[in-house]
Structures are given as structure tokens and as C-alpha cells.
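Chains as they are written, first to last, in the numbering used here: chain A, 339 to 1141; chain B, 26 to 296.
Where a beta carbon is used, it is the ideal one built from N, C-alpha and C, also for glycine.
Here's the structure we're looking at; comments come further down.
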Amino acid sequence: MTAQRQAPLPDGWAYDASTVDAGVLNAELFSEIGKPLRRREDHRLVTGKGRFSDDFSIEGQLFAAMVRSPYAHARIGAIDKAEAEALPGVVAVLTGQDALDDGLTAINHSPVPSTRFDVRLTAPDGSPPFIGPHLLLPVDKARHVGEAVAIVVAESRAAALDAAEMVDVAWEELPHVIDSLDAIKEDAPTLWDEVPGNTFVDCEHGNPEATKAAFEEAATVVRAKLHINRVTAVTMEPRAALADYDAETGRSTLYAGSGGAVRQKRELSAVLGIPQDDLRVLSYDVGGNFGARNRVYVEFGLVLWASRRLQRPVKYTASRSEAFLTDYQGRDLHTEVALALDADGKFLAMTADNVSNVGARCVSLSPLSKGAGLITGSYHIPVAHLRTRAVFTNTMCTQAYRSSGRPEVTYAIERLVDLAAIETGIDPIELRRRNLLAPQDLPYRNAVGSLYDSGEYEANMDRAMALFEWDDVGRRRADAKARGKILGVGLANYVESSIGTPKERAEITVAPDGAVEVVIGTQPSGQGHETSFGQVVADMLQIPAADVTIVLGDTDRVSVGGGSHSGRSMRHAGTVMVMASADLLRVARDLAAERLDLAPDALDYADGTFTARGTNRSVTLADLSSEQNPLSVARTNEMHAPVFPNGTAICEVEIDPVTCQIAITRYASVDDVGRCINPLIVHGQSHGGIAQGVGQAMWEDCAIDPESGQPLAGSLMDYGLPRIDTMPFFDVEISEVLSPTNPLGIKAGGEGGTTPALATVTLAVLDALRPLGVTDIAMPITPQRIWQALDTAAATPKEKAPA
Amino acid sequence: MMYGFSFHRPKSLAEAADVFARADDPTYVSGGHSLLPTMKSRLAAPSDLIALTHLPELQGITRDGDRVIIGAAQTHASVASAALVQDALPALAQLAGSIGDMQVRHRGTIGGSLANNDPAADYPSAVLALGATIVTSTREIHADDYFDGMFATALELGEIITAIAFPIPKSAGYAKMRNPASRYALAASFVAKTEDAVRVAITGAGSDGVFRWSAAEKALGASFDSAALAGLALSADDMLGDMHADASYRAHLAAICTQRAVDNQGRLTLL
């Protein structure tokens, strides 16, 4: 495989108006799309009227608490429940064996990305990978600290917690392994007997021969070994679930916020072995997701199971400590990369060896797969050779975390490019210019097979540099120096792929009073869908956005929908809403024609009203609806083509070489999101995304003590987060290069803030510290890390201090 | 969620001591902003909590000649905003204003902080550097005799701090480097200059809690100028080390904080 400019397009890749019955959209008619409308959900949320999972309670409910493993790796011996069961108020103590006896099965996370645009990942022998079955409660071993091995259900939360401490598990502690590079060593402890050596995915991609040849003739080769550290989402609302079983109907209702209720319903009903229709999942307001809530949690299945067994409602709310221990975590990729350049600074080839730490079992391979497809970043690199491995360790499972996989590889390629600039002596911006893809190169198939749809990469970089006042960096550097600070700047270009679950469904109903209700399957967790989706339908129907209400989060209303991940929501929901709106107008036109006794094509449509051409006879959408016969359509769509949001971000830092304190003083970015439906929301997403990426680069770290296997950052006392006073004001702009893959031309917003931020911060720090001899620094870049780096570089500030 | 306990709200110091004496495993609670999170994490399980903050004997901020007397139940916010403290001891007022966050400052109290003696707390450094006196339900304890290592003090079982008497120095300064996660002090230094001496107390850094840096005191006593600190170093062997700052970095920071506190007398400096 070789990278290809102007790549031929596969069938079904480009949006074809004739096949989706929506016609070509006339952007001139848009009046709501593109407006920075304030979010209609905010008043509800800031006045305490949100409906978060823990807000739900049912008379007579019981409370669940988990018995969790104190060990990173331990065999589960006898579980003595007697003392716990004897405690007043305790109703049941249930173990993994009880679950097996009741016929419960493992959660089917379907972790292997499977669209034809995903990088294919297999076991070392080419077969489907063994993922480590995820039982609600394990019966053989606990494989990470905090893994639940029993559930206690009691009349009060206090009783459940007290009893959980009294459940006596006969543990046999086993040797553990925390880091994936340790786990692939020959003598490493094995987590799963089925996978001796712990490596359950091992594949190669690209063109090894051509890559090898290119490296041999290269004028310059640069290499780096990098670790993209493990972080966790720290959602404001800890996860919670309330299960209610109706013995009369045999149906269960689960109140549990997630990234998508439909998936929860499908996978949890399978775990319980009940028909999907016997489970209703309600997921209304969700206090933060970032990927952590997209997969099923064992506690959700456990409360459902317990409530069915006990015929009482059962509620579980995670504590912040439990969230730190057992929320699905993010990143944790080791990557060894190399870049070959010719004498002119043109990139010739690249290699990458990516090792993903999935934790104790595999919940998602999305980060590894997504990153694998984008190792060459925004640049033309003719050939590449990539090895991808996924490895089990005695840690909490990792999952796609904001911009899954893409910040990791962006970090790698951008660090390589800066290294190449240093090595060749070419200015880092000039080196990027020589290798960035040009607009006419797109569609572009990169050296590992990803097909980039559209974009103006160099224009992004120029605009971001203008926003950043790049030309003035020299003066700012001098100013900082006069204040005793060292200034550094870091620039990163990025491209990311948004794919996501391909199916989405929209049901649109016009009520007789003209109110329009849209039922949509995807699920927000703060992205403002109720506002922005309303804008889309409003413009499609030419009605005010205020007339449109979006219904989400109840699987009795919402039957199909992929949830919010991979920047998919507006693209998939927008597309299916365009199609459903077109359907609705078609149905309405026929009805209107009948009502006015004219041919359908004798009618003009504008502003929610059909008018007989050349007359004043008209009929509104509302007129065409009645209580008996509401005007209503439903449309399901499947869309596989990925899109490739892209952009540039630049960070400026100031470091005090004496105290090693670091501050971000400037941050600018340009994000090509395709068509932007609501710039206020997209900007907010960018700001949050930047904070999340910067957070990983500067403070956040799920540190684990390798000796004991114990997490060291189990609370906000030790897990650092970005704060209002450690963030600068952002200079962000949106670029709208429409994607040819969908009717609205949408790419995605939000993740773009995160994707380049790890690289921009790190490169800025290295730019600042390079004169002091620092060539490498690991994330998070805390003052402590700067101290160590300066110490290592023997350019310690000690002589400046009185010490 | 906490373990079960009994809660008491005594009407007087005497009643508080009486309840304490009769309870099984009691703890006094003031603002509770260290104790309650510990209890919520189920890492502390007192049988009885005896509230002190409302007691009349623990209130007030007054000036008594060349001393500022702060009632043990005064919140950090009240100390920070007291004009009397701002005038006489601006560094102390600003120190109080830099503790924790808004909620902590409006609940946490000076007495509670000193009774707890967290090795990363702010107040111990001011108390030690200013040579304050801890007034308790039974006696007066000089700062030099009060701190007894991490989370340990000279307080007897059941003894209650009622007030802290701070001598007013010629000048004082406080400099702090905060932990990026918790915002407690990674290292901080309180430097107080009196007519005849300089006292330097370091918090956040020492493996044995707050301590006086006598070499720095001596040097600054001879010449009150940060240049006088040149060549002085704290030993990393005596420092705390963790993921946020290793012992050598803490030793370095403590020295830098001392320098900044000297350079910026009369106020708080955040590094």
C-alpha cells in the first residue's frame, strides 16, 4: 500500500442526493443553521431541573454496594457472606457464582471496530481476538484493584456499605503487571490463561518493504519512544443506576445515564437473558461522558439482576473514589515511531509500533484502531509500516476517551516533526509546509489506508498562526525573559477520523398546534443536542427553531440510535433528520395537494406553508395534522463513510526556571468542523476539548504504583485537573470546509480541541527548555517533571536558588 | 458515606470536655473540612463528634497590646477579611485567604487546622514563625513546644484550643508553591522579622511536619536580605517525597519560598 493523492472513491462514500431522497440542500434558505443560539437546555440544568440518574428514587428502593478487590491480581477463594447477611437491613449478598447460577452472561462490548473504514485488528494468528469475558462479577480472579466481586443489597446505603466491608473473601494474591511494556515481557504474569503473554492483538499494516527501503535511502531519520499517559474522565456526575422490576409485566426499567440508552438496553438485556422489549432504559441528563459512559458498566447489570431477584427497586450510586477506581479510563499507549526524510526535508516514510494497554479485559479497541489509521497525521508520507498490539494488564479497562486514539498519534507525529526540524535545521513551520497535504490532494488515501475527505490544512495553519500572533513571538519571548520566565511555543496540525456507529433514526411529528417533535436515538451529555438538532429540523421545514422539541433518552420512545461518540452525533442525526424532513414535506405536499385539490407540483412551500402558486390559497403543516392523524414520519439511515475533521492549534507557555512553575499564556486554534450548525455550541465544545487535552498534558494522570498495583491518584487530592485560573482565554476559530460525505457537509466539532493539545503543550515546553538541554519530557508536565527534566539535563536551576 | 456516630453540640467548653471524657472514641469537630472528608472515605470512624465552632469561648479577633488574639473557631475567611489582622499581620490575613477554596475558607477554622496539624497546612508555619501562643482549655503552649510531627501536637486528650495569640512582628511574609491537584502547599515558608530576631518556618515540605529553618534564621538575622540565603540548603533527607514533588524538589522549593517571603514582606506570594 502506498499513499495516494486524489484517491479513487469507494461506492457510497460521497453523499448522493439522488439515493437519499433529500435532494440538494439550498444553504441560502438556512436561517437557524449557523446561528449562535443559546442552548435551550441550560435554563433547566442551571436551575436544578435536570434529570440525572441519581435524581431518581422509587418508594421502597434498596441500595447496592460493591465488594471490591483490594488487590491488582488475586484468585477468589471462598466468599463468606454470613457476617454481612446477619447485619440489620441487609437483604442479599450475591456473588459471581450466584450470577452464573441465574444464567447471566458476560457483557458483549463488541470491542473490535468493524466498519469497512476501520483499521482491522486481529489476534497474532489472524483470528478474532480473545477479549476476556466481562462477567458482572468474576468467579475466578480479580484482575485489577477495585474490581467488584460481590454485591450487597440492603435497606439503606449505610447498611449496604457496612455489610460490604464484612463480606470475607479468601484472596490468594497473585503477581501482577501494570505497564503494557512490562506485560509483553517473557516472564510477565499472565492475566488470562487463553492469552499467555498477554498480547491478544498483534497486526501489521502498511508497506514494510517499501518503508524499509525508504529508511535506507533517507538523508535524515528521527526516532522517538513515547508514552501517552492514562487518564480518567472525572465526570461531574458519578455514574448511578436505579433498576425497577414490574412483576406483572415482567419488564425492568433502568434509570441510568449513559452515552446512549439503546446500546445499554441491547447489551444489558443480553446479559440478563431477557427479550430486549422487557428492558426500558431511561437516560436523560448526563453529567459528563467523554467516552467513559458509552460502554455498559457491571453495576448497571447488577442492579437490574438484583431487582429482578428481589422484586424490589435497587439503586447504586458510585462514590468519587469508586469513579476513580472503576470508571472506564482513557489513553495509555506506548508508541515507538520513526520518520525518514530526504535531503529537502520531504517526508519519505514512517514506522510506528503502537502498544495499547486495554486493562484487565478488552472493552474497546477503538483507541488503537482509530489511532492506527492516522499515524501519518496531516502530512503526505508515501509509505509507512505500522505494528499494532493490544495488551492485558492488571489495571482498570480503558475505553475510547475524548477523541479516542487520535491525540495519541497526533502527539507522536507532531513530536517527530519537531525532532526532524531540529535534526535537519529546517524551521519547524517550513518543514510542516513542505509536507502538509494540499486541498487538491484530497480525497487522499494515507499510507495505512485511511481516506481523508476534504480540508485546507495549510490555510488552517496560517490562520491559527495569525490568531496566535506568531510573528510577535520573538518580542513576547524577550518580554518573558525580562520577567525571569522562559517562553515556549508549540504548534500541532491534526486530522482525525469520525466514524461511529452507522445507524441513526429520526421520527418527526407535527402536532395540530404546529409544534414539531423529533425523536432521535443519539444521546447528549452536555453537547446541546436539544438546541442544535432543533436548528437543523427548523431549517429543513422552514419553521422557527423554537417550535421544535427534541425527544431523547427513553428506549420506549427511541428505538434506534448510536449515541454520542466519535464525533458522530450531528453528522448522523443531522443526515437522518434531513432525510426525515424531506420525507415529511413529501407526505405533507401530497396531503396539501389533496386539500387544495391541485397537483402536488402546483404548490410552493415556504415558512411551514404550502401555497397554491399564484394564489393566496394556502395550508400550513399544522393544518395537515390532527389528533387522529398526526402528520408524522420515521426514517432510519445507515452511513458508513468517515469524515476527517482537521485543524491547527498553538500553545504558548511560560516556565519559571527557578520554581519550575508553568503557565499557559496563550492558546489559539482553527478547527475545520465542516458545516457548523451552532457556533456558540461548537466554540464551547472546543474550549472544553482544549481544557481536556491540556489537562492530560499538564496535570491528569492515573498513576499506579507498579510495586503494589495500587492507584496513587484515587481522589481529587492527587488527580490534578484543569481549573479556571490555570486556563488562558482561547482564540479559537471555526473553518467550514464542507464534507462531501453527507448532505449538510458536517465533519465534527469538539474533539478537535483535545486532539492536538497534548502535542502543543509538550512541544511548547520543549521549545522553552531546549536551550537548557532538555530534549524529552513525559506527560503530565507538572512542575515536578520540569524539575526532574532540568535536573537530568544538568541545567538545574539550583545555582540560581540560594540552595 | 460515613460510619454511624453520635453528634453533640455542647453549650460550653466545660460541657464539651465532659462529653469528651464520657464518650467511647470521641473527636472534636470544628469546620470539619479535614475530618469530614476522611470520615466520608470511611478512613475515620469516631464514635462521637463534638462540635466546637459555636462555643462562645472560641470566638473573636481582638488586639491586645502587641498581640493579635484570634479565637480558635474563627474561620479562614473571617481571619482573611478582618481589618485588624490585615493591618497588624497582613501576611497572616493573606495566608488565611489562600487556604483551600471558598467553601473551605468559610467552614474551616484556625483552631481546627492547628489541632489537626496537617504537614501541608498553611497556619502551622505562621504560628511557628511568629512564635505564637496556643491558648487551650487548660493552659498556654508556645509554638516551639506545640508541633510534634505530622498530625501530632502537644495537645492532651480532650484538650481544646480556644485561641491563638500572635505577637505582632516588625514584618512578615509568606510564600507558597501549591500542589497542582490538591492546592495544599507543596512547600511554603513563613518568614517573620521581630526587633531582635528572624524566624523562618517551613510547611508542606518536611517529613516531620512544620519546622524552623535555623540556618536561614541565623543568616537573615545577620542580614535581612534574600542574598544572605545564598549557599544555604535544606537536606532532601528531611523532606517529604511523593508523585507531586520529590524530596530534592521540595528542599529546593522551601528555599525558594523563603527567599520570596523575605523579598515580599507584608504579603502572600504564590509561586
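Asked, Found
"Rounded C-beta distance between R1013(A) and G1091(A)? I'm assuming under 8 Å.", "R1013(A) to G1091(A), Cβ: 18 Å. No contact."
"For the beta strand (DSSP E) that Y654(A) lies in, which residues bound it at each end?", "652–655"
"Leaving out five residues on either side along the sequence, give the residues of the same chain with a beta carbon under 7 Å from the beta carbon of K708(A).", "S742, G743, R744, S835"
"With burial defined as no fewer than 16 other Cβ atoms inside 10 Å of the residue's Cβ, what is the status of I993(A): buried or exposed?", "buried"
"By Cβ distance, which residues of its chain are closer than 6 Å to G763(A), with the 5 residues on each side in sequence left out?", "none"
"In angstroms with no decimal places, state the Cα-to-Cα distance between T946(A) and P840(A).", "Before going on, a small fix: residue 946(A) reads as Gly here, not Thr. Computed Cα separation, rounded: 31 Å."
"Let's see if you can read the secondary structure: which residues bound the alpha helix (DSSP H) around K603(A)?", "599–610"
"By the 10 Å Cβ neighbour count, where 16 or more other Cβ atoms means buried, how is E990(A) classified, buried or exposed?", "buried"
"Under the three-state reduction of DSSP, which class applies to I281(B): helix, strand or coil?", "helix"
"Identify the residues that DSSP records as bridge partners of A1001(A): which are they?", "E992(A)"
"For the stretch 121–144 of chain B, which residues have a CB atom closer than 8 Å to at least one CB atom of chain A, in sequence order?", "none"
"Out of V559(A), R753(A), Y409(A), state which residue places its alpha-carbon closest to the alpha-carbon of L679(A).", "V559(A)"
"How many angstroms separate the CA atom of L180(B) from the CA atom of H269(B)?", "31 Å"
"State yes or no: is the beta carbon of H269(B) nearer than 8 Å to at least one beta carbon in chain A?", "yes"
"Starting from the N-terminal side, write out each stretch of the beta strand (DSSP E) that is 3 residues or longer and does not extend beyond the stretch 141–216 of chain B.", "158–161, 165–167, 186–192, 196–203"
"Opposite H1153(A) in the DSSP bridges: which residues?", "The displayed coordinates of chain A run from 339 to 1141. Any statement about residue 1153(A) would go beyond what the structure contains."
"Using 8 Å as the threshold, is the stretch 663–678 of chain A in touch with the stretch 422–431 of chain A, meaning 3 or more CB pairs across them?", "no"
"Alpha carbon to alpha carbon, how far is K419(A) from D506(A)?", "7 Å"
"Under DSSP, the alpha helix (DSSP H) around F638(A) begins and ends at which residues?", "636–648"
"Using the Cα positions of P1109(A) and A690(A), report the straight-line distance between them to the nearest angstrom.", "29 Å"
"Starting from the beta carbon of T570(A), find every residue of chain B whose beta carbon is closer than 9 Å, and list them in chain order.", "Those within 9 Å of T570(A) in chain B number zero; the least Cβ separation is about 13 Å."
"Reducing DSSP to helix, strand and coil, say where M268(B) ends up.", "coil"
"Taking one C-beta from the stretch 808–817 of chain A and one from the stretch 572–588 of chain A each time, how about it: are there three or more such pairs within less than 8 Å?", "no"
"Mapping DSSP to helix, strand and coil, what is K563(A)?", "strand"
"Given this structure, state the Cα-to-Cα distance separating L1050(A) from D1105(A), to the nearest angstrom.", "30 Å"
"Looking at the C-beta of R1108(A), does it have a partner C-beta in chain B at a distance below 8 Å?", "no"
"Taking a contact to mean a Cβ-Cβ separation below 8 Å, would you say P192(B) touches A151(B) in this structure?", "no"
"Quick check on L1082(A): does DSSP put it in helix, strand or coil?", "coil"
"Using only alpha-carbon positions, find the residue among Q865(A), S1073(A), S1053(A) that is nearest to R377(A).", "Q865(A)"
"Can you tell me whether DSSP reads M27(B) as helix, strand or coil?", "coil"
"Would you mind giving the Cβ-Cβ distance between T893(A) and K603(A), rounded to the nearest angstrom? I have them listed as a contact below 8 Å.", "5 Å"
"Would you say P71(B) lies against chain A (beta-carbon separation less than 8 Å)?", "no"
"According to DSSP, is I1062(A) part of a helix, a strand, or is it coil?", "helix"
"Would you check if the stretch 213–220 of chain B and the stretch 276–290 of chain B touch, i.e. whether three or more CB-CB distances between them fall below 8 Å?", "yes"
"State the Cα-Cα distance for the pair S904(A) and P576(A), rounded to the nearest angstrom.", "22 Å"
"Checking contacts by CB at 8 Å: is M175(B) closer than that to chain A?", "no"
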